Amino acid sequence: MVEIEIDGHTYQVREGASLLPTCLELGLRLPYFCWHPALGSVGACRQCAVVQYKDAEDVRGRLVMACMTPVRQGLRIGLEHPEAERFRASIIECLMTNHPHDCPVCEEGGECHLQDMTVMTGHVRRRYRGFKRTHRNQHLGPFINHEMNRCIACYRCLRFYRDYAGGTDLQVFSSGHRVYFGRHRDGPLENEFSGNLVEVCPTGVFTDRTFSAHYARKWDQEYAPGICPHCAVGCNLSLGARAGVVRRVINRFHPKINGHFLCDRGRFGYDAVNDRLVRPRFEGETGVSGAALDILRGWRKEGPLIGIGSPRASLESNYALQRLVGKENFHLSPTASDRQLLDRVLALLMRPEVRVPAPLECEECDAILVLGEDVTQTAPRVALALRQAVQRHARDRAEALGGQPWQAGVVKQTDIGLRHPLFLVVPHATHLDSVAHYCHYAPIGEMARLGFEIARAVEKGADGHVTPASDIAATLLKAERPLIVCGTSCRCPELLEAAESVAMALARRRGSAVDLLCIVPECNSLGVALLGGGTLEQALEKVERGEVNGIIVLEDDLYQRASASRLDNALNRLDRLAVIDAWNHRTAQRAKLFLPAAPWSESVGTWVNLELRAQRSFAVQPPQGSSRAAWRWIDAAGAGEWPDLEALFDDLLQDYPQLRPIQALTPDPSGPVPRQPHRFSGRTALNAPRQMHEPKPPPDPDSPLVYSMEGLPFHLQPPELQPFYWQPGWDSHSGALNANPRQADRGVRLVDSMGPGDWPIGISATESPGGEKTGRYRRGYWQVVPRYHIFGSEFISARAPAIVQRTPGPYVALGPEDVVKLGLRSGALLRVHWDDEELVLPLIVEHGLSPGVAALPWGLVPWFPADGEIGLQPLEKGE
Amino acid sequence: METKPLTGRFREDGRAVSLKEYHAAGGYDGLMMALSMHPDNVQKRVQDARLRGRGGAGFPTGLKWSFVPRTPGDKYFIVNADEMEPGTFKDRELMERDPHQVIEGAAIGAYAIGAHTAYIFIRGEYRYAEKCLQQALDEAYLQGILGKRVMGRDYALDIHLHLSGGRYICGEETALLNALEGKRPIPRAKPPFPQVAGLFGQPTVVNNLETVCNLPHIMRLGPEWYLSLSRCEDGGTKLYGVSGPVNRPGLWELQLGTTAREILEIQAGGMRPGHELRAFQPGGASTDFLLPEHLDVPLDFDSVMAVGSRLGTGCLIVLDRQTCPVKMVLNLETFFARESCGWCTPCRDGLPYTETVLRDLVAGRGCHEDLELLQEMIQWMAPGNTFCALAPGAMAPLQSALRYFREDFERYAGKGDG
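Residue numbers (this note's numbering), protein chains in the order written: chain Z, 4 to 882; chain W, 6 to 423.
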């Protein structure tokens, strides 16, 4: 810590940091544009000018840019110096020569950093009499609007999109005040993180297109702190809603998980909750809640029911179902082989030799081995972190040359292309390939074999560097903090085993724990694995044996878990099939009784992410229509007597004492936390056509959040409950966050408290998963690997209209060698069959896919046995 | 002893000096001598000669070189021939008429800092200069002057020509580096300076072409001779040029520190009949105006600085009484506004704003407030307030015009008031 002086006051601050964030953290109002906490300083906008005095005697001082000035002992600064204030106002005056006066119709209005800065600098009188330059806007796809006339050329969009996220299809064109930020021509922004432009842009150039479709002003929405349900990373986000419609998702800063950025699936997948089933259904007829519940209660009396829990439902809902049907009749939707994978993951993560990094901690690692996982598609935010880890090398060099790590311009100009090594062992080309040191494309079995080979080479202490395995091993051994990323997406236990043996070998050689992150498929995959329960097959067998003839399925489509023939065979025997879910799907269509579940946006729930961090997500609006939180339906059907979520939660912890640390998730604020900004308007006008009195806010017994603007002021809200960011003078989301950065870690990492034996393992381990693999495939048959798509492979987000527009159609992919051998071209139609499924699919040529291996898009074609085989017959040659 | 080392070999017919002719006149002797010395001694010789950069900033060349780390590794030597300063045409002459002098200078510079790769970054429109240089380079390679063994010595050097994509900002040394790397030509943050981390992140020296052309002669004839050439503390001759309504616009190699009066009246033959000198810019469009009272100021770096301008490129632009200074400034600001790279706000949006205000004034739409506004703008774009020197350079003619030709501005300013 050093002492600096600002406007005559002394402050203790951190040495070496940039002066701009230092001022912001002190609560001082210093305007800026081009600086961003994650993107660093470049000194382009010149907005954060302050007067710096040479020494204690200097009275004149000179203008410097705070963002470019490192904090040193004795630094003397004049923030309120008239010359600095005049200069900062002049920057706004310059920017306003071209910025249109369209605030009233601009979607950024009211949460615009440019508006805030304009007010902050005090520039109020326009002197410019000339014309404004105008641009032609582009169509950038379903996610992002483009309004270039508003651009103030801070370059943050490019610095995020290109330098940080690795995008290539956004660039700046032309020069001078004609600079144009766009694509080379109209078309969707291809990068998986394009949505962050909405928040990175300090004004209304890039705005959320899905939000436009049901726009409401920032202050007219209610907000809630949520956890993204679209993958296992568990990014923190804020939901905005008004009048029964979820309007948008914005990032909620978490220092260890998502930082300042979300992926596009997390940001735009929310819209699925606005188009769903909100009425109970019985035998195809829409019904009312009471009658539906009577039916379910009646079914319970008729005989035992099987409950099938789901990895996309909360711990609470799964537990409620377990209580309703009894532990012996509680199953989980993953099949035996998928459950075995999850159990193996749990065992792996809890090994003392393994350290599970939080997603953002991956950025600190200096050598990375990815084994069998297309991270960009299966855990996108982690892929973004890996990209930063690799690029850190450039930062080290800038520092060695006397630069500061936060001087992004210096880092870039001194970058000589050196990267921390990233090794990808994957079934096909991925979007991380461009920053990888080495990509090894191989069939699933061979990936595992290479993994074991690396482990052996690590064990031996690898010298000679003659094979890829020994080269990778040597690099991992050399690294200060190596990281292994594996996952379940190939559905291959040997791959996990291989990752484990690499980690064990490294840990032994290093004498300390090794970072290992394992990507699991769903938002609560590890949570339900901790609860335990029978497998899907066991449930189906009970039905087939006639032991039970009633099933309650919780928030899941079983047809995405197992083959249709197998499911049909069992479900056809059922008298009673109830589905509690928010969306229609193949299982729901077969259900005799359908109960509408409140989705994640309308219920409170706890999820356990891929690092075994339990987090709670809160409702942004009351359940719509007749929908209720799934656990409430189950409770009403007779599971327990739970007046609110806490009562249920207490029972859960009673039954699972090893989960007790998550008790800490129960919020305990000193008062209610308002979902509404204090400028929320139209409380009566919303209902004015029907009635003119102000309705009583709906209750929310499950959380301290209230549907009101009354409650704890902003600074007293606990960070885990803070629904949105706002600070006096800082109306923009990012500006408010930066003005008061709350760095508190949130959530409960169970991995730090649990150990082997703390979860009910063994149910699935007794079963042999799937059929025996011969390793040799019949003529006309291909080994199939699942190909994951950020847009389309996940159940909920795949139902959001904007995501649908970016989802590829069904296809079958082959490697270039096979395509040539078969004499086919891209687009050729093939008859594809497995089990009882038979489809005609167009061919895609997938770079890196090995001969004899075909890929099918997960979630976009009916369920198929991953790592099994499919038959292919060409129907035509293609274009 | 030679008094016009840079232009002394120029052919009467304007064609480029051939390798044979260059050799005959002592060409490449300087390089030969440099190669026989330790690079540090080459640097020392240039420091002793007090050679200052001829691109405009006047930074001591030897000192600039001394910042290059002595550690082994890739280094680059770059000759800045992106001569885009309006009114300036000195480097062009040197390239078109004595290209081997450029190559020899570049080789000496590269050797002095331990670079094995050099680039000559040429203004995009200078196609003929490029052709001359390319021809000379081909000859040099053929004769073993360049390549794996420079002049048969144990030193390898490749020189590449790069024709600029064509923007004023490319002449800014760090923007030039970005341009050469194939990136957008925007200036870079300093520190680290290019000498430490420049082209492709490696130690790099960027020297103006005229500066480089001095090197062979300093090597060959020594610092004392070089110092004796000039009339001031700094050594050497300087190419001075004159454009505007004079009798003989042109370019001459004269002693550094020659007065403007000698250049205008003797070399350029005085003002054309009917034209009276009102002011002049001493070194290109981005230097402050000087008045007839400054005619006897020696045109060297320090003397010009002392009277509130800069020597710049040493190419004078003459303003006569028939030409409206406000319109001239508008013309200049139009150029600078167009050439802003678009990186920092004051330059990108401030210069077009300046242009708009001047255009309104000239069109009779101005008001008295505009003069205050222009005065403010000069502050907005003062040195240090912008990312690089482009905008402060653009403000130089405006601020001196407002000082010296206030009445002209006021005449316009009144027009739009009513």
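Every residue, glycine too, gets a C-beta built ideally from N, C-alpha and C. This structure is a prediction, so every number in the text was calculated from the model and none was measured.
With contacts defined by Cβ atoms closer than 9 Å, VAL848/Z and PRO446/Z do not form a contacting pair. According to DSSP, residue pairing for ASP163/W in a beta bridge involves THR122/W. For VAL582/Z, the closest of LEU574/Z, ARG576/Z, ASP571/Z, ALA594/Z by C-alpha to C-alpha distance is ALA594/Z. A straight-line Cα-Cα distance of about 18 Å links LEU265/Z and PHE798/Z.
Nearest CB-CB separation between LEU78/Z and chain W: not below the 9 Å threshold. Legend: CB atoms of the stretch 79-111 of chain Z lying less than 7 Å from CB atoms of chain W belong to residues PHE90, SER93, ILE94, CYS97, LEU98, THR100, ASN101. Residue-level contact check: GLY405/Z touches chain W, since one or more beta carbons of chain W fall below 9 Å from its beta carbon.
Looking from the CA of CYS442/Z, the closest CA among ARG678/Z, LEU453/Z, VAL429/Z, CYS238/Z belongs to VAL429/Z.
Just so you know, the alpha carbons of HIS84/Z and GLU483/Z end up roughly 46 Å apart.
Taking 8 Å as the Cβ-Cβ cut-off, the stretch 332-347 of chain Z has no residue approaching chain W. Inclusion of LEU220/W and GLY58/W in the CB contact set at 9 Å is not warranted, their separation being larger than that value.
Residue environment for VAL611/Z: buried (at least 16 other C-beta atoms within 10 angstroms of its C-beta).
Between the beta-carbon of PRO283/Z and that of ALA295/Z there is about 4 Å, and that keeps the pair under the 8 Å contact cut. Remark: fewer than three beta-carbon pairs, one from each stretch, lie closer than 8 Å, so the stretch 150-159 of chain W and the stretch 56-73 of chain W are not flagged as touching.
Any Cβ of chain Z closer than 9 Å to the Cβ of TYR131/W would place that residue at the interface, and such an atom is absent. Short of 8 Å from the beta carbon of LEU655/Z, and not among the five residues preceding or following it, lie these beta carbons of its own chain, in chain order: LEU318, GLU319, TYR322, LEU662.
The continuous beta strand (DSSP E) containing MET68/Z extends over residues 65-68. Looking at the DSSP output, HIS257/Z sits in a beta bridge with GLY262/Z. For the stretch 115-144 of chain Z, the set of residues with a beta-carbon nearer than 9 Å to any beta-carbon of chain W comprises ARG130, TYR131, ARG132, GLY133, PHE134, ARG136, in chain order. Assignment of GLU215/W by DSSP, reduced to helix, strand and coil, places it in the helix class.
Ranked by Cα distance from ARG589/Z, the options ARG576/Z, ASP571/Z, PRO599/Z, ASP578/Z are led by ASP571/Z.
Annotation: the continuous beta strand (DSSP E) that includes ASP211/Z extends over 209-211. About 51 Å separates the beta carbon of LEU539/Z from that of HIS696/Z, a gap too long to meet the 8 Å contact definition. In the structure shown, the three-state DSSP call for TYR56/Z is strand. The beta carbon of ALA432/Z lies closer than 6 Å to those of HIS850, GLY851 in the same chain, with the five residues before and after it left out. Annotation: PHE410/W has no Cβ neighbours in chain Z at a cutoff of 8 Å; minimum Cβ distance is about 22 Å. LEU192/Z is not a Cβ neighbour of GLN174/Z, given a cutoff of 9 Å. Closest by C-alpha distance to ALA41/Z, out of HIS116/Z, ASP166/Z, ILE419/Z, is ASP166/Z.
C-alpha of THR76/W to C-alpha of PRO197/W: approximately 16 Å in a straight line. Note on ASN46/W: under 16 other CB atoms within 10 angstroms of its CB, so exposed under the neighbour-count rule. Rounded to whole angstroms, GLU96/Z and GLY43/Z show a C-alpha spacing of 25 Å. Only GLY412, VAL413, GLN416, THR417, ASP418, ILE419 from the stretch 411-434 of chain Z bring a Cβ to less than 7 Å from some Cβ of chain W.
TYR358/W belongs to the set of residues whose beta carbon lies under 9 Å from a beta carbon in chain Z. Taking C-beta atoms as the reference points, GLY448/Z and CYS495/Z count as a pair closer than 9 Å. In this structure, DSSP gives PHE798/Z a state outside helix and strand, which the three-state scheme calls coil. Around ARG128/W, the same chain offers ASP87, GLU88, MET89, SER169 as residues with beta carbons nearer than 6 Å, after the five sequence neighbours per side are excluded.
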